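Below: the structure, in structure tokens.
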Amino acid sequence: MSNPSLLILAGDGIGPEVMEQVKRIIGWYGDKRDLTFDVFEDLVGGAAYDAHGVPLHDDTMAKAQKVDAVLLGAVGGPAYDDLDFSVKPERGLLRLRKEMDLFANLRPAQCFDALADFSSLKKDIVAGLDIMIVRELTSGVYFGEPRGIHVEDNMRVGINTQRYTEAEIERAARSAFELARRRNNKVCSMEKANVMESGILWRDVVNEVHQADYADVELSHMYADNGAMQLVRAPKQFDVILTDNLFGDILSDCAAMLTGSLGMLPSASLGLPMANGRPKAMYEPVHGSAPDIAGQGKANPIACILSFAMALRYSFDEGAEADRLEAAIEKVLADGARTGDLMGPEGGTPISTTEMGDVILEALDASL
Ligand code: IPM
Ligand code: MG
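For the sequence shown, the UniProt record's numbering begins at 1 and goes up steadily by one.
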């Protein structure tokens with residue numbers, strides 16, 4: 001049997017430096033757990049634009065289709081703000097999502113005990129929080145046609161289209177129900193069925209899938225604006241939240257902030273099973289490229305490392321090893337390891353990106 005393969009696309013800003021720590025963790029699994037990956041690396045985003053004039057080269061796209069999983073750092077930065085829309089760094093990321101057909105974006109929002117004080121909400125509202133947002137990732141207003149800017153009666157008009165087919169809603173809903181069964185068995189679906197036909201269809205299809213195959217899962221529906229409000233008011237009422245591409249983009253940032261730091265949150269984007277049974281998959285931290293701190297060794301590598309933990313769990317069926325990595329991170333946080341973004345009210349001296357990698361590797365060693 002050949003080793004499982006990974007394509008690392010570190011990207012821009014803090015992407016390369018946080019990914020450096022992930023590479024050390026991957027190396028650790030090869031050395032200490034006999035879990036060796038064949039690792040390939042390539043460019044995405046602004047880095048790809050600088051080298052090739054496009055945010056994702058066709059060869060890179062082809063490699064992404066072949067490997068067992070893609071690990072992505074971050075894309076974008078001020079140097080690329082004025083580029084034409086078609087070659088902006090974000091287009092590279094969206095192309096990967098679309099062409100790999102990664103329709104189910106899993107964004108956990110978990111509050112680490114050691115960080116409950118860091119949330120902008122009161123500690124008792126977020127302590128123990130553990131929710132999972134399932135965001136549809138390959139359709140909706142991000143990709144719907146018609147789109148563009150044109151002139152009508154001497155006036156510019158901007159157009160984007162929210163469009164969902166039954167099949168697209170159904171497969172996202174199935175992912176959410178399947179996940180819920182492995183968690184607390186509850187799904188709350190969010191749309192705007194009060195103002196959008198696509199929302200009415202969304203609600204109908206979710207109900208149909210539920211009745212047909214997942215009646216054992218507790219299902220509720222919310223308008224997305226109320227959902228945003230409930231997330232801030234009482235986030236622990238949720239287990240799995242199922243929502244579309246645009247609402248999911250917004251609600252997941254909101255959920256992320258509940259946990260105290262965007263630098264902590266991983267994500268998995270999953271598609272259909274490949275010939276080897278593994279799902280098409282890409283893993284990336286929810287945080288962006290953070291150009292303001294890039295290249296200074298200040299970035300928190302935890303979200304990127306937790307994204308690799310999700311890869312262990314969802315691509316490689318190594319749930320126990322994912323648990324081990326997550327426990328190591330919980331341990332270092334409980335012991336007080338803090339990058340700059342985790343400097344709470346009590347202050348202290350932040351450690352560097354590499355030092356965070358060091359202590360996580362020590363905790364992994366200690367777990368053996
Ligand atoms: C995200 C990001 C992306 C999105 C951007 C970078 C295109 O905000 O992954 O949430 O809007 O989906
Ligand atoms: Mg976003």
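Where is the CB? At the ideal position from N, CA and C, for every residue including glycine. Every value quoted in this text rests on a predicted model; they were computed, and no experiment measured them.
Report yes if the C-beta of residue 249 is less than 6 Å from at least one heavy atom of ligand 2; otherwise report no.
Walking along the sequence shown from the start, residue 249 turns up at place 249. Because some heavy atom of ligand 2 lies under 6 Å away, the Cβ of residue 249 counts as near it: yes.
To the nearest angstrom, report how far apart residue 341 and residue 300 are at their CA atoms.
Within the sequence shown, numbered from 1, the residue matching residue 341 stands at position 341. Within the sequence shown, numbered from 1, the residue matching residue 300 stands at position 300. So the alpha carbons of these two residues sit roughly 7 Å apart.
Taking the beta strand (DSSP E) that residue 110 belongs to, which residues open and close that run?
Position 110 of the sequence shown holds residue 110. Here the beta strand (DSSP E) through residue 110 covers 104-110.
Measure the alpha-carbon distance for residue 231 versus residue 96 and round it to whole angstroms.
Mapped onto the sequence shown, residue 231 falls at position 231. Mapped onto the sequence shown, residue 96 falls at position 96. Between residue 231 and residue 96, the C-alpha separation is close to 30 Å.
For the beta strand (DSSP E) that residue 5 lies in, which residues bound it at each end?
Numbered from 1 along the sequence shown, position 5 holds the residue referred to as residue 5. Element bounds for residue 5: 5-11.
Residue 364 vs residue 328 beta-carbon contact at 7 Å:
Within the sequence shown, the letter at position 364 stands for residue 364. Within the sequence shown, the letter at position 328 stands for residue 328. Contact: yes.
Please list the terminal residues of the continuous beta strand (DSSP E) segment that includes residue 70.
For the purposes of this step, residue 70 is taken as the residue at position 70 of the sequence shown. It spans 69-74 - the beta strand (DSSP E) in which residue 70 sits, taken as one unbroken run.
Would you identify the three-state DSSP class for residue 133, choosing helix, strand or coil?
By one-based count along the sequence shown, residue 133 stands at place 133. Residue 133: strand per DSSP, three-state reduction.
So the beta strand (DSSP E) residue 220 belongs to, where does it begin and stop?
Sequence index remark: in the sequence shown, residue 220 carries index 220 (1-based). 218-223 is the span of the beta strand (DSSP E), which, as asked, contains residue 220.
Beta strand (DSSP E) segment containing residue 272, residue limits
Position 272 of the sequence shown, counted from the start, is the residue given in the question as residue 272. Looking at the DSSP string, the run of the beta strand (DSSP E) that includes residue 272 is 266-273.
Candidates 161, 50 and 68: closest to residue 196 by CA position:
Here residue 196 is taken as the residue at index 196 of the sequence shown, counted from 1. Comparing Cα-Cα distances from residue 196 to each of 161, 50 and 68, the minimum goes to 161.
Residues of its chain near residue 199, where Cβ-Cβ distance is below 7 Å and the 5 sequence neighbours each way are ignored
Residue numbering aside, residue 199 sits at position 199 when the sequence shown is read from its first letter. So the list reads 191, 192 and 193, once near-sequence residues are dropped.
Residue 43 - DSSP class collapsed to helix/strand/coil:
Residue 43 sits at position 43 when you count from the first residue of the sequence shown. Residue state, collapsed to three classes: coil.
Output the distance between the C-alpha atoms of residue 107 and residue 137, rounded to the nearest integer angstrom.
In the sequence shown, the residue the question calls residue 107 occupies position 107. In the sequence shown, the residue the question calls residue 137 occupies position 137. The straight-line gap from Cα to Cα measures roughly 11 Å.
Report whether the distance from the Cβ of residue 90 to the nearest heavy atom of ligand 1 is below 6 Å.
On the sequence shown, position 90 is the one that residue 90 refers to. Under cutoff, so the answer is yes.
Assuming residue 355 is part of the alpha helix (DSSP H), what are its boundary residues?
Along the sequence shown, one-based indexing puts residue 355 at 355. Looking at the DSSP string, the run of the alpha helix (DSSP H) that includes residue 355 is 353-366.
Residue 262 beta carbon less than 7 Å from that of residue 268
One-based indexing of the sequence shown puts residue 268 at position 268. One-based indexing of the sequence shown puts residue 262 at position 262. Going by C-beta atoms, residue 268 is not nearer than 7 Å to residue 262.
Select from 29, 14, 146 and 204 the residue whose C-alpha is nearest the C-alpha of residue 294.
Within the sequence shown, residue 294 is the residue found at index 294, counting from 1. If we check each option's Cα against that of residue 294, 14 comes out closest.
For the pair the stretch 239-247 and the stretch 281-295, tell me if three or more CB-CB distances fall below 8 Å.
no
By how many angstroms is the C-alpha of residue 258 removed from the C-alpha of residue 12?
In the sequence shown, residue 12 corresponds to position 12, counting from 1. In the sequence shown, residue 258 corresponds to position 258, counting from 1. Going by the C-alpha atoms only, they are around 26 Å apart.
Alpha carbon to alpha carbon, how far is residue 207 from residue 32?
As a first step, residue 207 must be located in the sequence shown, where it is residue number 207. As a first step, residue 32 must be located in the sequence shown, where it is residue number 32. Spanning the two alpha carbons is a distance of roughly 46 Å.
Per DSSP, what kind of secondary structure is residue 196 in: helix, strand or coil?
Residue mapping note: residue 196 aligns to position 196 of the sequence shown, counting from 1. Looking at residue 196 - three-state DSSP - the assignment turns out to be coil, as it is neither helix nor strand.
With DSSP collapsed to three states, give me the class of residue 141.
Start at 1 with the first residue of the sequence shown, and residue 141 comes out as number 141. Three-state result, residue 141: helix.
Cβ neighbour criterion (16 or more within 10 Å) applied to residue 157
Counted from its first residue, the sequence shown places residue 157 at position 157. Exposed is the call here.
Please classify residue 60: does DSSP put it in a helix, a strand, or coil?
For this step, residue 60 is matched to residue 60 along the sequence shown. Note: residue 60 maps to helix in three-state DSSP.
Here's a check: name, in chain order, each residue in its chain whose Cβ is nearer than 7 Å to the Cβ of residue 146, leaving out the five neighbours to either side.
Walking along the sequence shown from the start, residue 146 turns up at place 146. So the list reads 159 and 161, once near-sequence residues are dropped.
Terminal residues of the alpha helix (DSSP H) in which residue 152 lies
Mapped onto the sequence shown, residue 152 falls at position 152. Residue 152 -> not in any alpha helix (DSSP H); beta strand (DSSP E) instead, spanning 148-152.
Using 8 Å as the cut-off, can you tell me whether the stretch 111-125 makes contact with the stretch 47-54, which would need three or more C-beta pairs spanning the two stretches below that distance?
no
Judging by CA-CA distance, which residue of 2, 19 and 132 is the nearest neighbour of residue 235?
Taking the sequence shown and counting its residues from 1, the one referred to as residue 235 is at position 235. Of the listed residues, the one whose Cα sits closest to residue 235 is 132.
Quick one: grab the DSSP three-state call for residue 314.
Translated into positions along the sequence shown, residue 314 becomes position 314. Helix, per DSSP.
Among 54, 81 and 128, which one has its Cα closest to the Cα of residue 330?
What you label residue 330 is simply residue 330 of the sequence shown in a count that begins at 1. The shortest C-alpha separation from residue 330 is found at 128.
Is residue 281 helix, strand or coil when you go by DSSP?
As a working note, residue 281 is residue 281 in the sequence shown. Three-state DSSP puts residue 281 in a strand.
Shortest alpha-carbon distance to residue 251 belongs to which of 291, 227 and 274?
On the sequence shown, residue 251 is found 251 positions in, with the first residue counted as 1. The candidate whose alpha carbon is nearest that of residue 251 is 227.
Sufficient close CB pairs (3 or more, under 8 Å) joining the stretch 80-98 to the stretch 35-42
no
Buried or exposed by the 16-neighbour rule on C-beta atoms within 10 Å, applied to residue 100:
One-based indexing of the sequence shown puts residue 100 at position 100. It counts as buried.
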